[in-house]
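**Student:** For the sequence shown, the working numbering assigns the number 8 to the initial residue and increments by one for each residue that follows. Backbone N, C-alpha and C define an ideal beta-carbon position, used for all residues, glycine too. Have a look at this one.
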Amino acid sequence: MNDLLEILTTQDGSRTLYNRQYQQSFRSVHGALTEARHVFLEGSGTEELLKSRQGVSVLEIGFGAGLNWLITAAAARQHRTRLAYTAWDKQIPSAELLSQLGYGGLIGAPALATTIEEWRKTFINDVPHGTYNLPHDHDSTLQLCIGEATEAILPDLSYDSIYLDAFDPGANPELWVPEFFGQLYKALRDGGCLATYSVAGHVRRALTSSGFSVVRRPGPPGKRHVLAAWKRETAGFRSDR
Ligand SMILES: C[S@@+](CC[C@H](N)C(=O)[O-])C[C@H]1O[C@@H](n2cnc3c(N)ncnc32)[C@H](O)[C@@H]1O
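Shown next, in the form of structure tokens:
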């Protein structure tokens with residue numbers, strides 16, 4: 008898989024990966040870290056939940072190099088909150104590439120980055136499909152599900168937030184359709200939010216037809232808008248607030 012991936016430095020100085028097969032970068036070239044924080048951690052309301060709650064659960068579709076998990080886990084540590092994070096991906100980049108991205112130093116959480124790198128080192132080639140529980144903080148969990156996300160059997164009403172971070176709808180059409188969004192809707196708790204970067208009309212329509220209340224938010228540098236899709240009629244409302 009490594010020969011399909013190359014490292015790019017983005018405009019905020021953070022790095023990301025470019026996949027030659029999909030011809031897509033993992034994060035925005037206008038700023039990988041800026042985008043991850045704006046679209047996912049803040050845009051889903053997860054950061055606010057981490058500040059105000061004792062436990063938060065997040066589902067990510069498209070773990071990639073783990074930047075969204077790292078910033079979320081670092082925020083959970085900062086706010087002394089338990090995080091249960093489940094993520095799906097078909098494949099995880101090599102430990103060498105993960106290390107070269109330098110995310111641990113970038114976000115000031117080297118031990119979290121090491122968690123992923125050390126686990127990834129235990130596989131010489133691609134990670135076999137399956138579910139892996141990675142210990143890091145004693146009260147937080149990272150469950151990595153390696154396999155085809157459309158085949159996921161997701162538990163109902165289980166996640167406070169969903170980060171939908173697949174490649175774009177042209178590259179990964181299977182993850183941007185009502186059938187899949189319906190699974191995500193059922194898995195989200197009432198008042199929960201799905202955040203994503205695509206604002207394509209067919210994505211908004213598919214989310215709406217699956218039950219979500221879709222809101223366009225201002226985007227990070229290089230992008231006019233991004234999406235927050237809520238499980239309730241009243242956008243921005245969470246049932247426990
Ligand atoms: C935009 S990248 C994710 C970036 C990542 N969240 C990060 O912070 O580094 C998209 C990811 O979706 C994964 N992916 C694409 N199609 C998939 C599918 N059908 N099932 C599971 N994972 C998929 C790719 O392998 C890739 O790692």
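#1: Beta-carbon within less than 6 Å of Ala235's beta-carbon, same chain only, minus the 5 sequence neighbours each way: which residues are those?
#2: Using C-beta distances below 7 Å, list every residue in its chain close to Ala178, excluding the 5 sequence neighbours before and after it, in chain order.
#3: Counting pairs of beta carbons, one from the region 122-141 and one from the region 96-109, are three or more of them closer than 8 Å?
#4: Could you give the DSSP three-state label for Ser204: helix, strand or coil?
#5: Would you call the region 137-155 and the region 37-53 touching, i.e. three or more CB-CB distances under 8 Å?
#6: Evaluate the contact criterion for the region 166-180 versus the region 133-141: three or more CB pairs, one atom per stretch, below 8 Å.
#7: What's the C-alpha gap between Gly218 and Gly198?
#8: Look at the alpha carbon of Ile114 and the alpha carbon of Glu158, and state the distance between them as a whole number of angstroms.
#9: Considering just the uninterrupted stretch of the beta strand (DSSP E) at Asn140, what are its terminal residues?
#10: For the beta strand (DSSP E) holding Asn26, just list the boundary residues, first then last.
#11: To which residues of the same chain is Arg248 closer than 6 Å at the C-beta, ignoring the five residues directly before and after it?
#12: Where do the N-terminal and C-terminal ends of the alpha helix (DSSP H) with Gly111 fall, by residue?
#13: I'd like the list of long-range same chain contacts for Val210, defined as Cβ closer than 8 Å, with 5 residues on each side in sequence excluded.
#14: Say the cut is 8 Å; is the CB of Trp76 nearer than that to a heavy atom of ligand 1?
#15: I need the DSSP call for Thr17, collapsed to helix, strand or coil.
#16: Alpha carbon to alpha carbon, how far is Phe187 from Thr241? Give it in angstroms, no decimals.
**Tutor:** A quick look at the data gives this:
#1: Here residue 235 corresponds to residue number 228 of the sequence shown, with the count starting at 1. Cβ-Cβ distances below 6 Å link Ala235 to Gly50, Cys200, Ala202, Val222 and Arg224 in the same chain, with the five nearest sequence neighbours on each side left out; the list follows chain order.
#2: Here residue 178 refers to the residue found at position 171 of the sequence shown. Around Ala178, the same chain offers Tyr29 and Gln31 as residues with beta carbons nearer than 7 Å, after the five sequence neighbours per side are excluded.
#3: Segments in contact, yes.
#4: The residue labelled residue 204 in the question sits at position 197 within the sequence shown. Inspection of the sequence shows that residue 204 is occupied by Tyr rather than by Ser. Coil, per DSSP.
#5: With the cut-off at 8 Å, the region 137-155 and the region 37-53 do not touch.
#6: The region 166-180, when compared against the region 133-141, does not touch it at the 8 Å Cβ threshold.
#7: The count along the sequence shown starts at 1 and reaches residue 218 at position 211. The count along the sequence shown starts at 1 and reaches residue 198 at position 191. For Gly218 and Gly198, the distance between alpha carbons rounds to 12 Å.
#8: Residue numbering aside, residue 114 sits at position 107 when the sequence shown is read from its first letter. Residue numbering aside, residue 158 sits at position 151 when the sequence shown is read from its first letter. Taking the straight line joining both Cα atoms gives about 33 Å.
#9: The residue labelled residue 140 in the question sits at position 133 within the sequence shown. Taken as a continuous stretch (DSSP letters only), the beta strand (DSSP E) holding Asn140 covers Gly137 to Pro142.
#10: As a first step, residue 26 is located in the sequence shown; it is residue number 19 there, counting from the start. According to the DSSP assignment, Asn26 belongs to the beta strand (DSSP E) that extends over Arg22 to Asn26.
#11: Position 241 of the sequence shown, counted from the start, is the residue given in the question as residue 248. Because the pLDDT of Arg248 is 32, which lies under 50, any placement of that residue in the model is unreliable, and the number read from its coordinates should be weighed accordingly. There are no such residues.
#12: Taking the sequence shown and counting its residues from 1, one reaches residue 111 at position 104. If you look at Gly111, you'll find it in the alpha helix (DSSP H) that goes Tyr110 to Leu113.
#13: Here residue 210 refers to the residue found at position 203 when the sequence shown is read from its first residue. Counting only residues of its own chain and dropping the five nearest sequence neighbours on each side, Val210 has a CB closer than 8 Å to the CB of Pro176, Trp183, Thr203 and Leu234.
#14: Stepping through the sequence shown from its first residue, residue 76 is reached at position 69. Yes; taking the cut-off as 8 Å, the Cβ of Trp76 has a heavy atom of ligand 1 nearer than that.
#15: Within the sequence shown, numbered from 1, the residue matching residue 17 stands at position 10. Looking at Thr17 - three-state DSSP - the assignment turns out to be coil, as it is neither helix nor strand.
#16: Translated into positions along the sequence shown, residue 241 becomes position 234. Translated into positions along the sequence shown, residue 187 becomes position 180. Because Thr241 carries a pLDDT of 47, less than 50, the predicted location of this residue cannot be relied on, and the following value inherits that uncertainty. Spanning the two alpha carbons is a distance of roughly 23 Å.
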